[in-house]
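Novice: Residue numbers (this note's numbering), protein chains in the order written: chain B, 156 to 678; chain H, 6 to 299; chain P, 394 to 649; chain F, 394 to 649. All C-beta atoms in this analysis are idealised placements derived from N, C-alpha and C, irrespective of residue type, glycine included. Just so it is clear, the structure is predicted and the values come from calculations on it, not from any experiment.
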Ligand SMILES: Nc1ncnc2c1ncn2[C@@H]1O[C@H](COP(=O)(O)OP(=O)(O)OP(=O)(O)O)[C@@H](O)[C@H]1O
Ligand SMILES: Nc1ncnc2c1ncn2[C@@H]1O[C@H](COP(=O)(O)OP(=O)(O)OP(=O)(O)O)[C@@H](O)[C@H]1O
Ligand SMILES: Cc1ncc(C[n+]2csc(CCO)c2C)c(N)n1
Ligand SMILES: [Mg+2]
Ligand SMILES: [Mg+2]
């Protein structure tokens, strides 16, 4: 009975939502009919039913394979980073680069250097790796030190602690990483299909369908993609729901983590790790080009970029265009970042305050994560115009989801015993959140922030490319058409460097705050 | 038969009818070619595929190709052109028509970012200040045009008007070509290396493709329906759309000297137009000798 | 019948855990008059903490009800009538000792600055002077428990719930704390509800000792403690005191 | 001088926490011969848990060293010589009672099936029969502590460390557990190191009582307990027993 009740409210909300959508769509109330009604989408799906099987199968293959590979790498890397903390710092640059690289910059290179399914699998896997890695690291590092002590006093190695304690207690967190990875994998595969010139896959279907000006078709594709992602999401959500209860500590662990004070005591190794963090992405970049034997005209090595930007005949004009574009992009990135975080934070909080509402909202959230923005652009442009509000919308939709899921996970892990303290004094839900749950999930809040920050720039660039025609995104897209690979690599490198800088800022704040709060950092 | 790879510039639509026909009818096999055909897409930059050796021959927009040759010393040669006249034009609704460049003043025009320079060149050629036109990005979907969010867009005039008519509106359009931006499109490009080593195959390809195109244009409504379950299967487009496309492109492809031919004054016009946007090509980037061997 | 204090009316609670179904409380009825001091004693797992948690509105009874000062638990706690020390100290690890003591004040939206002397006084009372800014992780087990005691007292509650608050303290400190608790309780005329395993502690502090037994958890007997107030440390060596302790032990033993 | 058991050699430990700098242990030297039973008693915050954590290799001493069976702590623990019950039960929340008891066996790579009867026996010994499959979250405070006791004993350790293992138990259960602990210790001839606040418990169980005092934490005196083994429950009412208890209390009081 309790189970029924638990599902009744969200179900009612979903039905209400669909109804509103149907009415609004049927009456062409939104953007002069650019948003079709639910039934129109379904009818469209039915009419196109013969087209879908092959496309869906291709997308399933690519995204499924990418999902498995990306997440496996993410989890293994996360475990490695926690076992050997210095490696996390060494790999930081590379990790962020993987997360922050604009797909519009790498997709052409991937489809040029790899063939068949591989570019799709790679893009899908890239969408999974960082999120899952971050979720794994935060989960592992937040495990209970009392349990670790227990294993240690029986001579257990760090590896055994990892196996017996950390991994298990990180499971809900890892599963939340997988939940975010599911739509990312599908979207990654679709984006590669969209651009890569193959005939099959939902992305290819989308590209052919875009020219028809039929929103039903685009939404049909979006809905099918969302169903694929939603299925995976649902499975992992159920699993994590089952795990979370028994993963939560019974009583709050009060031990203060040992100070990560080796920074001060070993400045040399710290500087070395920092240097490696900066060097590694360049090293990989260079190795990538060397190994795949990309022709020099297309591939620019780091040195090539420096040359392009400072010593080539085009240097002057390149610099000017770059600075102008940067100047347009950066301010809005800051605002978008704040908006994305705020939105994620509010959602995460409402997951505690209004769980029913949230369960109904989840499918909508998933649509925003799986529906390629290029398909949504006409609607967004009609609704929001081509200015700041559209850019913010796109940035929020690109950033909020991982942050929200990870944060909601952290919130759900707060031991009941701790929350009860506030409840025993009749605290309102809001007070309880403010005094107990939010501070207690602070490490997750920072992990969420770290997931958001590198993506904000990407969101702004996508909006610029699709709708506003300004800034770095536009510059990147224009350069693609002119085979101006010097500029493509420059913009890609610059956006990665910016992402790393933003990320590093968060890390610095995180360390200070968490140390003051006596909490262990996951960075 | 010798293997021969062709990279197209877009997804399978009527734009490539001649090649589909040639493949289906075995015209390439007749020339001793074991032809493989790869469709394109937004992330496929055709010139890149011939540099990396993934394809022997590709179809390109000449502005990109010539810019790459002149500025980066890319080893490309243009050995023919599918479109004598670039089908790209300014499309608008009859209800809010834009029939000539001057009409663009004060309007919002959606342009794929890669084509912005072309539009700017056309505006300049017609004495219009580019600051007077509000240029925004265009991403494949004509909905904003149909809904009036933008006044016009730059697109294939052979294609979009059909979509617009399907949505119950009527389109009007003009080619950039007709207002001074006189360039080819879908130029046939190979590397100098290929030109040297595979000359025979290239001539064979041109001959087979010309046969395909000529047969296609005998009646442009005949072939697209035949490909509903092969070349056009699952593209998301309609056969009526392809028929419209095929009909509309006929005058742009056909040439008195034979399909793919590049007349000297057309090459000259193409180079001049590109010169307007700072792309400085030269006659030696074109090689018309293969056409003579067909 | 409005009576104030704490009243349990036929409270039943069954848990269906993974292990099995456990009847934690069967038909528990108990009334602790306003201003009285009740000690709850009983074997481990007999439902003492469960009873207290139900009284605080943290757990719902399957049947029956608890009233605190004639109100629903939630109302009473929200009104700031109650003070609690849990069995587990349940400190917030990111807050200093002082900030931990201030938590109830924050929840009840009191002006923390007004209470600063109170907070300091309580911290000193539990022997943590000098540790005001320490984090819980930097304290010993007993010190943490003492923070929880100070926190329970800080709101000057009308009704005070304490679940084995002195379990981790050494005997001397425990005695000291017993005396302080008696003093504070008398001054404030609060209703006290103390779960404890120390029979001597129960006899020393309480007006009435509620003895519980396990399987199912239930109230078996309530023993009155007649000694005069204020009770002095000397009472611990009084033969009458020992006699009563023995009696409680016997009931406890029999009840098992 | 190889001697077995546990030896503290001039162990010093200072914490610099947020509150202030705390000298938790000053020059602590103590040797617990192999097979002996040592009880550690002292005021809250005097460094008992710290001493134990250093002996287990969980904390590094600033100066001095601890040897367990003539080995470094890490070696001794790795060899499976030690058993531990922490002040805080530290159960793994996702493991059932039985699986929690099995943790040390798993860490030491023992064949769990071989130990199944032992595990069951220990669970019953601590009175948790029927709760084998319950999760820690479904247990009462005292029940959780009992799981930790069973877990400490499951490896039949040569050296047994226990930090207030009976703090949350009622007196009857506590006495029972005291007797069981004595029996197990005697049978196994293990070296036992018991931190406790119960003077009577210390006197009843230990060969020697190490009394510590606080600020700075240090060993103040070691008192021998002469009573014969095995000690019977009757000892609790023996006047000599009470006299010794009083003596310990006095030292403890004086030491403060
Ligand atoms: N959340 C729960 N789920 C299942 N069973 C529970 C839960 N909480 C308590 N119990 C069971 O209820 C019974 C009473 O528990 P309670 O914590 O009230 O005992 P207690 O009297 O406080 O014991 P102790 O002195 O050991 O703290 C126990 O048998 C326990 O196993
Ligand atoms: N991690 C830490 N950081 C700072 N100070 C600490 C830390 N751990 C312990 N201390 C301090 O060391 C002293 C001794 O602590 P310890 O836990 O050993 O006491 P204890 O004798 O076990 O007390 P109790 O009986 O209350 O458990 C205390 O004053 C405590 O504040
Ligand atoms: C129907 C149709 N639409 C888009 C393209 C893609 N494309 C190829 S060239 C070009 C213009 C750039 O110069 C564009 C948009 C195509 N080939 N055919
Ligand atoms: Mg309890
Ligand atoms: Mg201690």
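Run through chain B and tell me which residues come within less than 8 Å of residue 54 of chain H, C-beta to C-beta.
Specialist: 267
Novice: When you compare the stretch 283-295 of chain B with the stretch 305-325 of chain B, are there three or more beta-carbon pairs, one atom per stretch, that lie closer than 8 Å?
Specialist: As far as the Cβ criterion goes, the stretch 283-295 of chain B touches the stretch 305-325 of chain B, which means the pair count is three or higher.
Novice: Indicate the three-state DSSP secondary structure (helix, strand or coil) for residue 275 of chain H in the structure shown.
Specialist: helix
Novice: Is the shortest distance between the beta-carbon of residue 411 of chain B and the beta-carbons of chain P less than 8 Å?
Specialist: yes
Novice: Taking DSSP as the reference, what is the three-state secondary structure of residue 238 of chain B?
Specialist: Correct three-state label for residue 238 of chain B: helix.
Novice: List, in order along the chain, the chain B residues whose C-beta lies closer than 7 Å to that of residue 486 of chain F?
Specialist: 401, 402, 403, 404 and 405
Novice: Report the neighbours of residue 314 of chain B on chain H: residues whose CB is nearer than 7 Å to its CB, in chain order.
Specialist: Ordered by position in chain H, no residue passes the 7 Å Cβ test against residue 314 of chain B, which lies about 43 Å from the chain.
Novice: Under DSSP, the alpha helix (DSSP H) around residue 267 of chain H begins and ends at which residues?
Specialist: According to the DSSP assignment, residue 267 of chain H belongs to no alpha helix (DSSP H), since it is labelled neither H nor E.
Novice: Would you call the CB atoms of residue 63 of chain H and residue 74 of chain H closer than 8 Å?
Specialist: Not closer than 8 Å, so no.
Novice: Any chance the CB of residue 556 of chain P is under 7 Å from a heavy atom of ligand 4?
Specialist: yes
Novice: Helix, strand or coil for residue 592 of chain P? Go by DSSP, reduced to three states.
Specialist: helix
Novice: Answer with buried or exposed for residue 592 of chain F, where buried requires no fewer than 16 other C-beta atoms within 10 angstroms of its C-beta.
Specialist: Answer is buried; the Cβ neighbour count reaches 16.
Novice: Per DSSP, what kind of secondary structure is residue 86 of chain H in: helix, strand or coil?
Specialist: strand
Novice: Since residue 552 of chain F is in the beta strand (DSSP E), which residue starts that stretch and which ends it?
Specialist: 552-556
Novice: Under the three-state reduction of DSSP, which class applies to residue 462 of chain P: helix, strand or coil?
Specialist: coil
Novice: Using 7 Å as the cut-off, classify the Cβ of residue 616 of chain B as near or not near the heavy atoms of ligand 6, replying yes or no.
Specialist: The ligand content of the structure shown is limited to ligand 1, ligand 2, ligand 3, ligand 4 and ligand 5, which means ligand 6 is not among them.
Novice: Does the beta carbon of residue 406 of chain P fall short of 7 Å from some heavy atom of ligand 4?
Specialist: no
Novice: Given a cut-off of 8 Å, decide if residue 354 of chain B and residue 17 of chain H are closer than it, judged by their beta-carbon atoms.
Specialist: Inclusion of residue 17 of chain H and residue 354 of chain B in the CB contact set at 8 Å is warranted, their separation being smaller than that value.
Novice: Taking C-alpha atoms, which residue in B:397, B:343, B:320 and B:371 lies nearest to residue 383 of chain B?
Specialist: B:343
Novice: Output the boundary residues of the alpha helix (DSSP H) element that contains residue 360 of chain B.
Specialist: 357-365
Novice: Between which residues of its own chain and residue 39 of chain H is the CB-CB distance below 6 Å, once the five residues before and five after are set aside?
Specialist: 6 and 8
Novice: Take residue 235 of chain B and list the residues in its own chain whose beta-carbon comes closer than 8 Å to its own, dropping the five residues that flank it on each side.
Specialist: Closer than 8 Å at Cβ, skipping near neighbours: 242.
Novice: Quick check: is the beta carbon of residue 529 of chain B nearer than 8 Å to any beta carbon in chain H?
Specialist: yes
Novice: Give a yes or no on whether the C-beta atoms belonging to residue 340 of chain B and residue 271 of chain B are separated by under 8 Å.
Specialist: no
Novice: Any Cβ of chain B within less than 8 Å of the Cβ of residue 497 of chain F?
Specialist: yes
Novice: Could you name the residues that DSSP lists as bridge partners for residue 250 of chain H?
Specialist: Looking at the DSSP assignment, residue 250 of chain H forms no beta bridge with any residue, so it has no partner.
Novice: Could you work out which residue in H:183, H:269 and H:197 is closest to residue 130 of chain H when comparing CA atoms only?
Specialist: Here the closest residue by C-alpha is H:183.
Novice: Taking the C-alpha atoms as reference points, what is the distance between residue 412 of chain B and residue 673 of chain B?
Specialist: 7 Å
Novice: Comparing the CB of residue 532 of chain F with every heavy atom of ligand 1, is any distance shorter than 7 Å?
Specialist: yes
Novice: 8 Å is my cut-off, CB to CB: does residue 360 of chain B come that close to chain H?
Specialist: Taking CB atoms only, residue 360 of chain B has a neighbour in chain H less than 8 Å away.
Novice: With a cut-off of 8 Å, does the C-beta of residue 471 of chain F fall near any C-beta of chain B?
Specialist: yes
Novice: Along the chain, which unbroken stretches of the alpha helix (DSSP H) at least 4 residues long are found entirely within the stretch 600-656 of chain B?
Specialist: Uninterrupted alpha helix (DSSP H) stretches at least 4 residues long and entirely within the stretch 600-656 of chain B occur at 626-636, given in chain order.
Novice: List, in order along the chain, the chain P residues whose C-beta lies closer than 8 Å to that of residue 592 of chain F?
Specialist: 564
Novice: Counting only Cβ pairs nearer than 9 Å, list the residues of chain H close to residue 543 of chain B.
Specialist: Here the premise fails: no neighbours, minimum Cβ distance about 14 Å.
Novice: Comparing the C-beta of residue 648 of chain P with each C-beta of chain F, is any distance below 8 Å?
Specialist: Because residue 648 of chain P sits at a pLDDT of 47, beneath the cut-off of 50, its placement in the model cannot be relied upon, and the point is left open.
Novice: Quick check on DSSP: helix, strand or coil for residue 538 of chain F?
Specialist: helix
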